[in-house]
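Inspection log for the structure reproduced underneath, given as structure tokens.
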Amino acid sequence: MLNFGQFRRVTVLTGAGISAESGVPTFRGEDGLWRQYRPEELATPEAFARDPRLVWEWYDWRRRLIGACRPNRAHHTLADMEAGLPDFTLITQNVDGLHHMAGSRRVLELHGNIWRLRCTREGTTHEDRRTPLPDLPPHCADCGALLRPDVVWFGESLPSEILEAAFAAAAACDVMLVVGTSAVVQPAASLPLIARQRGAAIVEVNPQATPLSDFADLVLRQPAAQALPQLWERWQHP
Ligand code: APR
Numbered sequence: 143m144l145n146f147g148q149f150r151r152v153t154v155l156t157g158a159g160i161s162a163e164s165g166v167p168t169f170r171g172e173d174g175l176w177r178q179y180r181p182e183e184l185a186t187p188e189a190f191a192r193d194p195r196l197v198w199e200w201y202d203w204r205r206r207l208i209g210a211c212r213p214n215r216a217h218h219t220l221a222d223m224e225a226g227l228p229d230f231t232l233i234t235q236n237v238d239g240l241h242h243m244a245g246s247r248r249v250l251e252l253h254g255n256i257w258r259l260r261c262t263r264e265g266t267t268h269e270d271r272r273t274p275l276p277d278l279p280p281h282c283a284d285c286g287a288l289l290r291p292d293v294v295w296f297g298e299s300l301p302s303e304i305l306e307a308a309f310a311a312a313a314a315c316d317v318m319l320v321v322g323t324s325a326v327v328q329p330a331a332s333l334p335l336i337a338r339q340r341g342a343a344i345v346e347v348n349p350q351a352t353p354l355s356d357f358a359d360l361v362l363r364q365p366a367a368q369a370l371p372q373l374w375e376r377w378q379h380p
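Last residue of the sequence shown? That's 380 in the working numbering, and every number before it is there in order.
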């Protein structure tokens, strides 16, 4: 068992699995979104250029689904850890906004946020949590151009300042918790390997094995809403 009291700089990377117990479907599990839909038809710039209404109907459906979901104990535990630890960075691949809703203040959203809309002409963004959206596809109130979800699609680059902060947090930490991700999508999947190369301990929280499992110093083969509260309890009272 790792002596968590020794760790000073903590970085956490989360994926869709941390929101599974809130009712948000993951992407690659049995009932995963990519089992039912083809990502190249819905989550690429080409798909949006080809049929913006279809892409928006899918995102509007996901927004309505996610809008009914609430953070679970795993999200709340990470918010508690941020408040209780001197040097804590949360990086997420999730676009559902549940970390913010649970009280996490500083969240590096690598893949954007499904509640933000971005003007395809001006690049301006604003939050709009209405579900369903009044008209699909939505247009910019200022210039009339199409709005898109402010998320990163396959083939697009991640927001550079957020990605740089994430790489820096991976390189600087002495422990990284990797929670609820299949660890197959780049560049997020490189973050734990960077941390490990720099000597950090790696803790994986996932009911299933992933390509990262063999590199982890500790694997908690449990759902995150069970594993994280227990881990934080032991961390505070070794
Ligand atoms: N607790 C912890 N982990 C869980 C739970 C749970 N309750 N339920 C499922 N998992 C794990 C699964 O075993 C799987 O390894 O969560 C992982 C989810 O993997 P994916 O569905 O691939 O989601 P993710 O890793 O976040 O995908 C990364 O791919 O499609 C893109 O942009 C999308 O951000 C996403 C990225």
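Glycine is no exception: its CB is placed at the ideal position from the N, C-alpha and C atoms.
- The beta carbons of Ile-256 and Arg-204 sit closer together than 9 Å.
- With respect to the 9 Å criterion, Val-197 and His-253 are not classified as neighbours on the basis of their beta carbons.
- In this structure, DSSP gives Ala-343 an extended state, which the three-state scheme calls strand.
- Under the DSSP assignment, His-242 falls outside any beta strand (DSSP E), being part of the alpha helix (DSSP H) whose first and last residues are 240-244.
- Of the residues Arg-212, Val-237, Leu-250 and Glu-163, the one whose Cα lies closest to the Cα of Glu-224 is Leu-250.
- Here the region 297-308 does not lie against the region 269-284, with fewer than 3 beta-carbon pairs under 8 Å apart.
- Distances taken from the Cβ of Ala-216 to the heavy atoms of the ligand APR include one shorter than 8 Å.
- In the three-state reduction of the DSSP assignment, Leu-207 falls in the helix class.
- Selection Trp-200, Gly-174, Ala-337 and Asp-173 evaluated against Thr-186 yields Trp-200 as nearest (Cα-Cα).
- Assignment of Trp-377 by DSSP, reduced to helix, strand and coil, places it in the helix class.
- Arg-206 sits away from Ser-164, with the two beta carbons spaced by 9 Å or more.
- If the five residues before and after Ala-325 are omitted, its C-beta is found closer than 6 Å to the C-beta atoms of Ala-331, Thr-352, Pro-353 and Leu-354, all from its own chain and listed in chain order.
- Between the region 218-233 and the region 283-301 there are fewer than three C-beta pairs closer than 8 Å, too few to call the two in contact.
- Out of Arg-363, Gly-322, Gln-328 and Arg-290, the CA that lies nearest to the CA of Gly-297 is found in Gln-328.
- Under the DSSP assignment, His-217 falls in the alpha helix (DSSP H) whose first and last residues are 215-226.
- Not a single heavy atom of the ligand APR lies less than 8 Å from the C-beta of Gly-147.
- Distance from the CA atom of His-217 to the CA atom of Leu-155, rounded to whole angstroms, is 12 Å.
- Between the ligand APR and Thr-168, a heavy atom-to-CB distance of less than 8 Å is present.
- For Trp-257, no alpha helix (DSSP H) encloses it; the enclosing beta strand (DSSP E) starts and ends at 254-261.
- Cβ-Cβ distances below 6 Å link Ala-311 to Thr-153 and Thr-231 in the same chain, with the five nearest sequence neighbours on each side left out; the list follows chain order.
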